[in-house]
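**Q** Here it is: the structure, laid out below.
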Amino acid sequence: MSTDGRDYHTEMNGKVFEQWFEKQLVPALPPKSIVVMDNASYHSVRVDGTKAPTSNSRKDDMKDFLNKHGVEFDSKFTRDHHRLFKDEFLKKKGHDVLRLPPYHCDLNPIELILGDLKGFIDQDNSTFKLNDVESLIQKGFEQIDSTKWLKSCDHVRNIIEPSYWKNDAIQKEIQKIVIHILSDSESESEKDDSSDGDETEDYEWL
3 MSTDGRDYHT
13 EMNGKVFEQW
23 FEKQLVPALP
33 PKSIVVMDNA
43 SYHSVRVDGT
53 KAPTSNSRKD
63 DMKDFLNKHG
73 VEFDSKFTRD
83 HHRLFKDEFL
93 KKKGHDVLRL
103 PPYHCDLNPI
113 ELILGDLKGF
123 IDQDNSTFKL
133 NDVESLIQKG
143 FEQIDSTKWL
153 KSCDHVRNII
163 EPSYWKNDAI
173 QKEIQKIVIH
183 ILSDSESESE
193 KDDSSDGDET
203 EDYEWL
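Each residue of the sequence shown is one higher than the one before, starting from 3 at the first, in my numbering.
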């Protein structure tokens, strides 16, 4: 949270995020890490203050931006490629990035970690003094270990993700549907429990 009670996003911008991303986050990552990123606007802003193209930008403008920064892209270019700069930066460092769908921050395990951290601070914060809060934050971070991370990842994978599949009635495998279409003569013959020899046409829907 910010000092005036607003969400921390109000104090974050592209320049601050880019400096933290390149100078603190990436150097501290273990080899072959996967970075999960949401769609906050400052995740697509350059350090020099020029904003990367958005989904509303012209395709030629996006291509010019990527060419200017030396980012290779597929010839089958789509507007979703405006996020490729940071993806390419991570790949050059031996990492990869997983982009979350818009407005689905609950699919990011770090939200559970931050929730636990905030709960710890709220529970033990009795003085509301800055130095004491900073001390609580440090103690809270010390309690975040690999076991807690694994638990958060399992919760997203085994609880949150299946709930979306269930609510949207999405199936991983779709069964083959076969529809038999009968001719008029066959329909009449079925009523008479007889057959005139016409063949039934089968249509398969996948």
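Backbone N, C-alpha and C define an ideal beta-carbon position, used for all residues, glycine too.
1. Please report how far the alpha carbon of Gln140 lies from the alpha carbon of Leu119, in whole angstroms.
2. Determine whether the beta carbon atoms of Val99 and Met39 lie at a separation below 7 Å.
3. One question on the structure: do Val158 and Pro111 come within less than 7 Å of each other, judged by their Cβ atoms?
4. Using the rule of at least 16 other Cβ atoms within 10 Å of the residue's Cβ for burial, across every protein chain shown, is Phe143 buried or exposed?
5. How should Gly16 be labelled, buried or exposed, when 16 other C-beta atoms within 10 angstroms of its C-beta is the threshold for buried?
6. Quick check on this structure: which residue in Lys131, Trp151 and Asp134 has the alpha carbon closest to the alpha carbon of Leu116?
7. Less than 7 Å between C-beta atoms, sequence neighbours within five positions excluded: which residues of the same chain meet that for Asp156?
8. Would you say Tyr44 and Phe67 are within 7 Å of each other, going by their C-beta atoms?
9. Between Glu24 and Leu102, what straight-line distance do the alpha-carbon atoms span, to the nearest angstrom?
10. Ends of the beta strand (DSSP E) at Met39?
11. Alpha carbons only, please: which of Gln21, Asn127, Lys61 and Lys94 is nearest the one belonging to Pro33?
12. For Leu100, which residues does DSSP report across the bridge?
13. Hey, out of Leu114, Glu136, Val135 and Asn69, whose CA is closest to Ile161's CA?
14. Return the Cβ separation of Val135 and Ile123 in integer angstroms, given the expectation that the two are a contact with Cβ distance under 8 Å.
15. Quick check: what's the CA-CA separation for Gly96 versus Gln21?
16. Is it buried or exposed for Leu92, if we count other Cβ within 10 angstroms and need 16 for buried?
17. For Met64, report the span of its alpha helix (DSSP H) as first-last.
18. Where in the region 95-142 do unbroken runs of the alpha helix (DSSP H), each at least 4 residues long, occur, reported from the N-terminal end onward?
19. For Trp167, which of Lys88, Ser59, Glu90 and Leu109 has the nearest alpha-carbon?
20. Per DSSP, what kind of secondary structure is Ile162 in: helix, strand or coil?
**A** With the given structure in hand:
1. Numbered from its first residue, the sequence shown carries residue 140 at position 138. Numbered from its first residue, the sequence shown carries residue 119 at position 117. Gln140 and Leu119 have their C-alpha atoms spaced approximately 10 Å apart.
2. For the purposes of this step, residue 99 is identified with residue 97 of the sequence shown, where counting begins at 1. For the purposes of this step, residue 39 is identified with residue 37 of the sequence shown, where counting begins at 1. For the 7 Å CB-CB criterion, Val99 and Met39 form a contact.
3. The residue you call residue 158 lines up with position 156 of the sequence shown. The residue you call residue 111 lines up with position 109 of the sequence shown. The Cβ-Cβ distance between Val158 and Pro111 falls below 7 Å.
4. Working through the sequence shown from its first residue, we reach residue 143 at position 141. Result: exposed.
5. Position 14 of the sequence shown, counting from 1, holds the residue named residue 16. The residue is buried, with at least 16 neighbouring Cβ atoms inside 10 Å.
6. By one-based count along the sequence shown, residue 116 stands at place 114. That would be Trp151, whose Cα lies nearest to the Cα of Leu116.
7. By one-based count along the sequence shown, residue 156 stands at place 154. None.
8. Translated into the one-based positions of the sequence shown, residue 44 becomes position 42. Translated into the one-based positions of the sequence shown, residue 67 becomes position 65. Judged by beta-carbon spacing, Phe67 lies beyond the 7 Å limit of Tyr44, meaning their Cβ atoms are not closer than that value.
9. In the sequence shown, residue 24 corresponds to position 22, counting from 1. In the sequence shown, residue 102 corresponds to position 100, counting from 1. Taking the CA atoms as reference points, Glu24 sits about 20 Å from Leu102.
10. For this step, residue 39 is matched to residue 37 along the sequence shown. Taken as a continuous stretch (DSSP letters only), the beta strand (DSSP E) holding Met39 covers Ile36 to Met39.
11. Counting from one through the sequence shown, the residue named residue 33 turns up at place 31. Taking each of Gln21, Asn127, Lys61 and Lys94 in turn and checking the Cα distance to Pro33, the smallest one comes out for Lys94.
12. For the purposes of this step, residue 100 is identified with residue 98 of the sequence shown, where counting begins at 1. Leu100 is bridged by DSSP to Val38.
13. Here residue 161 corresponds to residue number 159 of the sequence shown, with the count starting at 1. Of Leu114, Glu136, Val135 and Asn69, the residue nearest in Cα terms is Leu114.
14. What you label residue 135 is simply residue 133 of the sequence shown in a count that begins at 1. What you label residue 123 is simply residue 121 of the sequence shown in a count that begins at 1. Right, the Cβ-Cβ distance comes to about 7 Å (below 8 Å), so this counts as a contact.
15. In the sequence shown, residue 96 corresponds to position 94, counting from 1. In the sequence shown, residue 21 corresponds to position 19, counting from 1. Distance between the alpha carbons of Gly96 and Gln21 is about 19 Å.
16. By 1-based counting over the sequence shown, the position of residue 92 is 90. Its Cβ being crowded by 16 or more others within 10 Å, Leu92 is buried.
17. Your numbering for residue 64 matches position 62 in the sequence shown. Residues Lys61 to Lys70.
18. The region 95-142 contains these whole alpha helix (DSSP H) runs: 112-126.
19. For the purposes of this step, residue 167 is identified with residue 165 of the sequence shown, where counting begins at 1. The residue from Lys88, Ser59, Glu90 and Leu109 with its alpha-carbon nearest to that of Trp167 is Leu109.
20. In the sequence shown, residue 162 corresponds to position 160, counting from 1. Ile162: helix per DSSP, three-state reduction.
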